[in-house]
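**Q** First the structure, which I've put down as structure tokens, then a few questions once you've had a look.
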Amino acid sequence: MSYRQFLVAVESAFRAKGCLATIKNDVLLAKCLSGSIQMAYVVEREIEGFIRLSLLTDVPVEGAEGDILDYNFSLYGVKVMRDSEGFLVLAFELPEDCAMLLGAGRLLKEAERLSDLYRKVRDFLFKSRS
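In terms of numbering that gives the first Met the number 0, the sequence shown is numbered consecutively and its last residue is 129.
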């Protein structure tokens, strides 16, 4: 399976879950409603041979770097990052060959896991700022 075919399969899987999804320049963009929160996902190929699934958030990182880094230790397998605009990003990376073998279903499960983690991180940050 080529990377493009993989993206098309992932796009179809997101759409089957009721999400809006599109592929542009070999990057998949998807928006899903999870409860009352809209989740925005990006699936892209990294230079190092990995496929990254990112959950973009509307949570500003400012002033909470220490809290996020402390919390990051319990988020095994998930990268907690800051995007170029200063918002929190949760990402899962998988070697490209593994992603191709595991298929679109695995990426969707990871998207659901990222959504759950996002809700926990969001609650954690709002409690720590109070």
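From the three backbone atoms N, C-alpha and C, an ideal C-beta is built for every residue, glycine too.
Could you tell me the distance, in whole angstroms, from the CA atom of L113 to the CA atom of F91?
**A** As a first step, residue 113 must be located in the sequence shown, where it is residue number 114. As a first step, residue 91 must be located in the sequence shown, where it is residue number 92. So the alpha carbons of these two residues sit roughly 8 Å apart.
**Q** For M99 and V79, I'd like the C-alpha separation in whole angstroms.
**A** Counting from 1 along the sequence shown, the entry for residue 99 is found at position 100. Counting from 1 along the sequence shown, the entry for residue 79 is found at position 80. Looking at the two C-alpha atoms, the distance is approximately 24 Å.
**Q** So, using beta-carbon positions, are D116 and V60 closer together than 8 Å?
**A** The residue labelled residue 116 in the question sits at position 117 within the sequence shown. The residue labelled residue 60 in the question sits at position 61 within the sequence shown. According to the sequence provided, residue 116 is Leu. The question's Asp does not apply to it. No, the pair does not count as a contact, with Cβ atoms beyond the cut-off.
**Q** Which whole-angstrom value is the C-beta distance of A8 and L52, which I expect to be below 8 Å?
**A** In the sequence shown, counting from the first residue as 1, residue 8 sits at position 9. In the sequence shown, counting from the first residue as 1, residue 52 sits at position 53. Not quite, the Cβ-Cβ distance comes to about 14 Å (not below 8 Å), so this is no contact.
**Q** Please name the residue in L55, A29, E10, Y2 whose C-alpha comes closest to that of G104.
**A** Here the question's residue 104 lines up with position 105 in the sequence shown. The shortest C-alpha separation from G104 is found at E10.
**Q** To the nearest angstrom, how far is it from the Cα of F49 to the Cα of L101?
**A** Along the sequence shown, one-based indexing puts residue 49 at 50. Along the sequence shown, one-based indexing puts residue 101 at 102. Using only the alpha carbons, I get a separation of about 14 Å.
**Q** Contact check, K16 vs L107 under 8 Å by CB: the rounded distance?
**A** Locating residue 16 in the sequence shown gives position 17, where the first residue counts as 1. Locating residue 107 in the sequence shown gives position 108, where the first residue counts as 1. 7 Å between Cβ atoms; contact.
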